[in-house]
Amino acid sequence: MARIRKPKLAVWKFASCDGCQLSLLDCENELLTLAGAVNIAYFLEASRATVKGPYDLSLVEGSITTERDAERIHHIRRASKRLVAIGACATAGGIQALRNFKDVREFTSIVYAQPKYINTLNKSTPILDHVFVDFELQGCPVNKYQLVEVINAFLHGRKPNTPRHSVCTECKRRGIVCVMVAKGTPCLGPITQMGCGVGGEYSGAICPAYNRGCYGCFGPKETPNTRSLSRWWTDHGMNEQELVRRFRGFNAGAEAFRKESEAHEK
Amino acid sequence: MRSRTIKVDWLARVEGEGALHVKIKNSKVADLKFRIFEPPRFFEAFMRGRKYSEAPDITARICGICPVAYQMSACHAMEDAFGVKMDGQLRALRRLIYCGEWIESHALHVFLLHAPDFLGYEDAIQIARDHPDIVRRALQLKKAGNSLVALLGGREIHPINVRVGGFYRVPTRREMAALTGPLEEARDIAVEAVRWTAALPFPEFERDYEFVAMIHPDEYPFNEGRLISNRGLDIPVCEYDKHFAEQQVAYSTALHSQIENREAYFVGPLARVNLNFDKLSPLAQKTARAAGLRLPCQNPFKSIIARCVELVYACDEALRIIAEYEMPDQPAVQFQPKAATGYGCTEAPRGILYHRYRIDDQGLIADARIIPPTSQNQGSIEADLREFISANLKLPNKKLQWQCEQTIRNYDPCISCSTHYLNLHIEQT
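Protein chains in written order, with numbering that gives the first Met the number 0: chain R, 0 to 265; chain E, 0 to 428.
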């Protein structure tokens with residue numbers, strides 16, 4: 000019988016916390032099965048052994064913040080049949096995209112005594128701004144079961160089953176009492192994509208299940224009505240400054256969240 | 000004249016991006032740079048103007064491997080500023096979530112990142128081909144830690160349940176009890192891991208380090224205590240800035256730390272075990288002794304044993320806290336934010352993590368300072384490399400390079416953290 004070639008998987012890192020690629024190593028029950036099904040060809044966090052491209056599937060974590068990285072992503076794209084951006088940094092620029100709203104030179108001088116040694120771009124940008132991306136998996140961090148689903152889907156040539164509806168819908172499905180209606184706690188659930196906690200007891204709505212408002216770490220859902228949510232918050236006494244902060248979190252650079260925060264900035 | 004270069008452009012099995020460049024001339028290390036090129040992310044800058052309550056969630060994003068550590072140091076710094084004291088079950092729950100992170104992070108490093116170096120494998124997946132049981136049990140241990148963080152924090156990476164003053168929701172006794180079985184099994188795996196790692200082949204290598212760790216009168220340090228060293232440092236956390244200085248070097252986006260005017264120092268599991276051995280649980284002490292760990296231990300390669308001893312301790316401590324758990328009435332204590340400066344230092348899996356915040360009268364952050372363990376260890380890592388290379392020049396390039404990588408991994412460097420960045424080059428001329 001002819002041996003079937005195992006698909007080559009690569010994991011790449013740009014500006015990030017490493018948390019999304021760690022999600023792969025956090026698949027304690029699935030890791031060895033995955034390693035059996037694919038050839039982990041490039042994954043520096045896990046192995047010093049590397050195999051040359053082309054790769055069947057590249058997972059890209061992190062945002063582009065340096066000129067060198069803006070070049071590197073093109074090399075990776077050329078070496079990859081399919082490229083999936085994973086996590087808020089890769090899909091929206093991450094928390095480091097807060098610089099996009101300020102002067103980065105000032106930022107450098109706050110952290111570093113000699114800013115001249117630091118090379119950085121003015122903006123932190125998602126992968127899609129630089130190269131064609133086959134799929135974006137949102138989340139800060141991505142959910143590990145969603146990540147396994149995406150890998151599985153791409154290896155079998157089908158579309159990943161990662162719903163794009165809101166956290167709000169998940170609360171209703173699970174009978175979690177609405178923190179905003181019942182307690183007046185500001186919650187980004189109505190406009191945030193579900194995905195947090197998938198595979199667990201509070202799938203899709205961890206924060207409300209833990210008595211706090213969603214802070215939007217999974218980024219905008221499809222067609223989010225941000226304006227309506229802002230109006231609701233304003234009616235409940237939230238000032239503009241705080242409104243801006245609420246939309247400028249881990250997905251500050253995602254278009255829907257960015258536009259809404261800019262609309263409230265004087 | 001002979002010259003050699005050892006060069007590692009992208010160091011593997013570490014968190015983040017780093018490189019090593021060594022130039023050897025006439026059998027001497029002429030130049031050595033442990034470079035961190037992880038792009039800067041400017042946390043301390045964009046924290047300005049954010050609300051005090053956002054600090055635990057935002058700083059967690061500095062590191063996906065030790066988010067709890069960032070949340071703990073941030074909370075303690077804020078609580079220090081506002082005069083909030085944590086005690087009783089809420090304090091115990093903080094220790095418990097930290098136990099979970101130590102277990103998850105140490106198990107990851109010992110088995111998946113560091114052990115392959117000792118056994119001559121490129122990675123743990125290769126180990127699994129020859130010794131599937133070792134890797135399977137390691138993943139089981141890691142999972143026990145992650146389950147703890149997931150219960151208390153809502154999820155493993157970037158938990159959502161930690162806040163200044165406590166938690167948003169506290170677990171029920173029944174939820175806690177479900178973790179007892181897996182933690183007991185995890186503890187057995189950890190005890191076995193101490194024996195297993197103690198029998199690994201260690202290079203003969205010792206240096207006279209200044210070890211720095213926290214110390215607490217009654218317990219092995221996690222969240223509270225004074226900072227001490229084996230060379231007489233003994234200060235409260237709020238005096239950190241007076242005794243430690245950070246320096247910027249041209250080739251790195253991480254700032255290097257120095258202690259007073261002395262040399263580099265050493266933080267992390269080996270420092271903690273050396274300075275706090277008597278505070279470990281009886282089982283952790285017994286297992287360490289039985290495995291032949293002699294203290295003070297000055298061989299950095301043996302930090303893998305110290306990490307396993309701490310794995311035993313963290314499982315033991317978690318089981319103790321769970322057994323004594325009573326659900327508190329309130330998930331958090333009430334307090335009033337005010338304009339003040341607060342200092343927090345806690346023992347991250349990789350060593351002391353210091354946060355300082357100045358808060359204005361609106362409860363907004365006016366200034367933030369964060370000093371992660373890896374930037375504190377960077378001086379020691381470079382000094383170890385210099386000495387290790389000088390003593391091992393006869394090794395062929397490939398082998399020397401691999402052992403240099405191992406020398407760096409002794410510290411479990413977390414580069415994502417230290418960029419507030421690593422690339423490996425050895426050059427011989």
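Glycine residues also receive a C-beta, built at the ideal position from the N, C-alpha and C atoms.
- In the DSSP annotation of this structure, the continuous segment of the alpha helix (DSSP H) that includes E/Trp401 starts and ends at 396 to 408.
- Comparing alpha-carbon positions, the option among E/Cys296, E/Ala185, E/Arg135, E/Val169 lying closest to E/Phe204 turns out to be E/Cys296.
- The three-state reading of DSSP puts E/Leu178 in coil, since its state is none of H, G, I, E or B.
- Under DSSP, R/Glu135 takes part in a beta bridge, and its partners are R/Ala84.
- Here DSSP, grouped into helix, strand and coil, assigns E/Ile5 to strand.
- Within the DSSP bridge table, the entry for E/Lys141 names no partner.
- The beta carbons of E/Ala270 and E/Val193 sit no closer together than 8 angstroms.
- Within a 10 Å sphere around the beta-carbon of R/Asn121 sit fewer than 16 other beta-carbons, which makes this residue exposed.
- E/Tyr342 is bridged by DSSP to E/Arg355.
- Counting only runs of at least 3 residues, the segment 241 to 320 of chain E fully encloses the following beta strand (DSSP E) elements, listed from N- to C-terminal order: 243 to 246, 255 to 258.
- In this structure, DSSP gives R/Glu27 a state outside helix and strand, which the three-state scheme calls coil.
- Chain order gives the chain R residues near E/Val134 as Leu31, where near means a beta carbon separation below 8 angstroms.
- Around E/Met77, the same chain offers Tyr51, Ala54, Val163, Gly341, Tyr356 as residues with beta carbons nearer than 7 angstroms, after the five sequence neighbours per side are excluded.
- Here the segment 79 to 90 of chain E makes no contact with the segment 119 to 136 of chain E; the two share fewer than three CB pairs at distances below 8 angstroms.
- Residue-level contact by beta carbon holds for R/Cys16 and chain E, with a gap shorter than 8 angstroms.
- Close to R/Ser22, with beta-carbon spacing below 7 angstroms, are these residues of chain E in chain order: Ile156.
- With distances taken between CA atoms, E/Arg349 lies nearest to E/Glu309 out of E/Arg385, E/Glu309, E/Lys32.
- By the Cβ test, the segment 33 to 47 of chain R is not in contact with the segment 90 to 102 of chain R, since fewer than three Cβ pairs between them sit closer than 8 angstroms.
- Within 9 angstroms of the CB of R/Glu239, no CB atom of chain E is found; the nearest one sits about 14 angstroms away.
- Of the residues assessed, R/Lys12 falls on the buried side of the cut-off, its CB having 16 or more other CB atoms within 10 angstroms.
- Between E/Ala290 and E/Ala197, the C-beta spacing is below 8 angstroms.
- The shortest C-alpha to C-alpha distance from E/Pro281 to any of E/Asp315, E/Leu95, E/Asp360 is the one to E/Asp315.
- Interface annotation, E/Ile57: in contact with chain R, CB-CB separation under 8 angstroms.
- Listed along chain R are Cys16, each with a C-beta nearer than 8 angstroms to that of E/Ile61.
- DSSP places R/Asn118 outside both helix and strand once states are collapsed to three, so it counts as coil.
- Contact check for E/Asn275 and E/Pro220: beta-carbon distance about 6 angstroms, within the 8 angstroms limit, so the pair qualifies.
- Between the C-alpha atoms of R/Val59 and E/His215 there is a straight-line separation of about 42 angstroms.
- E/Ala11 has a beta carbon lying within less than 8 angstroms of a beta carbon in chain R.
- Chain-ordered listing is empty here: chain E has no CB closer than 9 angstroms to the CB of R/Leu136, the nearest sitting near 14 angstroms.
- Assignment of E/Gly87 by DSSP, reduced to helix, strand and coil, places it in the helix class.
- Straight-line measurement puts the Cα of E/Phe166 at about 9 angstroms from the Cα of E/Ile159.
- If the five residues before and after R/Asn224 are omitted, its C-beta is found closer than 7 angstroms to the C-beta atoms of Ile190, all from its own chain and listed in chain order.
- The Cβ-Cβ distance between E/Ile388 and E/Val28 falls below 8 angstroms.
- R/Gln192 sits buried, since 16 or more C-beta atoms from the chains shown fall within 10 Å of its C-beta.
- Counting along the chain, E/Gly378 sits inside the alpha helix (DSSP H) bounded by residues 372 to 390.
- Taking 8 angstroms as the CB threshold, R/Arg257 stays off the interface with chain E.
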